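Enquirer: Take this structure first; my questions come after.
Residue numbers (the numbering used here): 1 to 165.
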């Protein structure tokens, strides 16, 4: 496959939250893998990890799964960990990837010892369970599945089970 780029567009509550260019690394028709530098302005400090200019994200999007897995490294290649977004399955075209963020997230540290569920309060406040009970159930199921995989020492990505320990 020749190198190409796509725009990744993250949608939240019907609005584009962020859009950024990414280089396509692989696309097997089900999973699309892209690589992009940290796209937000400045530093985002979560307390347990900082995303900052120079960081590189290798992002795995599935057309049939309710999540995206993002490997995060410093500019010099040191692994920070994995940030997992719970999303509807990705919509992929020739030049764009559209992902609807469903407010649930999971962080897994580089050594795999720290696994954190994030933003469950935002998810509850979003009203998704009332608007689309099936989507809310799929989102919770995806978060539970990713957490189970992470605690067992692996996450899906890069064409095989990514070992954390």
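Note that CB positions come from ideal geometry on N, CA and C, so glycine has one too.
Here the structure is a predicted model, which means the values were calculated and not measured.
As an exercise, report each continuous beta strand (DSSP E) stretch of at least 3 residues that is fully enclosed by the segment 7–84, in chain order.
Expert: Runs of the beta strand (DSSP E) inside the segment 7–84: 15–27, 31–37, 56–62 and 67–73.
Enquirer: Cutting at 7 angstroms between CB atoms, please list the residues of its own chain near residue 62, excluding the five before and the five after it.
Expert: Excluding residues within five positions, the ones whose Cβ falls inside 7 angstroms are 30, 31, 89 and 90.
Enquirer: Straight-line CA distance for residue 26 to residue 99?
Expert: For residue 26 and residue 99, the distance between alpha carbons rounds to 17 angstroms.
Enquirer: Specify the secondary structure class of residue 124 as computed by DSSP and reduced to three states.
Expert: In this structure, residue 124 counts as helix in the three-state DSSP scheme.
Enquirer: Give a yes or no on contact between the segment 60–75 and the segment 137–145, applying the rule of three or more CB pairs nearer than 8 angstroms.
Expert: In short, these stretches touch, since the Cβ pair count reaches three.
Enquirer: Taking the CB atoms as reference points, tell me whether residue 121 and residue 105 lie closer together than 7 angstroms.
Expert: No, these two residues do not count as a Cβ contact at 7 angstroms.
Enquirer: With C-beta atoms as the reference, is residue 28 less than 7 angstroms away from residue 19?
Expert: Against a cut-off of 7 angstroms, the Cβ pair of residue 19 and residue 28 comes out as no contact.
Enquirer: Three-state secondary structure (DSSP) at residue 100?
Expert: Strand at residue 100.
Enquirer: How long is the line joining the alpha carbons of residue 56 and residue 87, rounded to whole angstroms?
Expert: Whole-angstrom Cα-Cα distance: 21 angstroms.
Enquirer: Answer with buried or exposed for residue 43, where buried requires no fewer than 16 other C-beta atoms within 10 angstroms of its C-beta.
Expert: Looking at its Cβ environment, which holds fewer than 16 other Cβ atoms inside 10 Å, residue 43 is exposed.
Enquirer: Rounded to a whole number of angstroms, what is the C-alpha to C-alpha distance between residue 85 and residue 76?
Expert: Each residue's Cα considered, the two are about 24 angstroms apart.
Enquirer: Measuring straight from C-alpha to C-alpha, what distance separates residue 146 and residue 24?
Expert: Distance between the alpha carbons of residue 146 and residue 24: 24 angstroms.
Enquirer: Give the single residue among 101, 124 and 150 whose Cα lies nearest to the Cα of residue 14.
Expert: Minimum Cα distance to residue 14 is reached at 101.
Enquirer: Buried or exposed: residue 3, going by 16 or more other Cβ atoms within 10 Å of its Cβ?
Expert: It is exposed - the Cβ of residue 3 has fewer than 16 other Cβ atoms within 10 Å.
Enquirer: What three-state label does DSSP hand residue 144 in the structure shown?
Expert: Correct three-state label for residue 144: helix.
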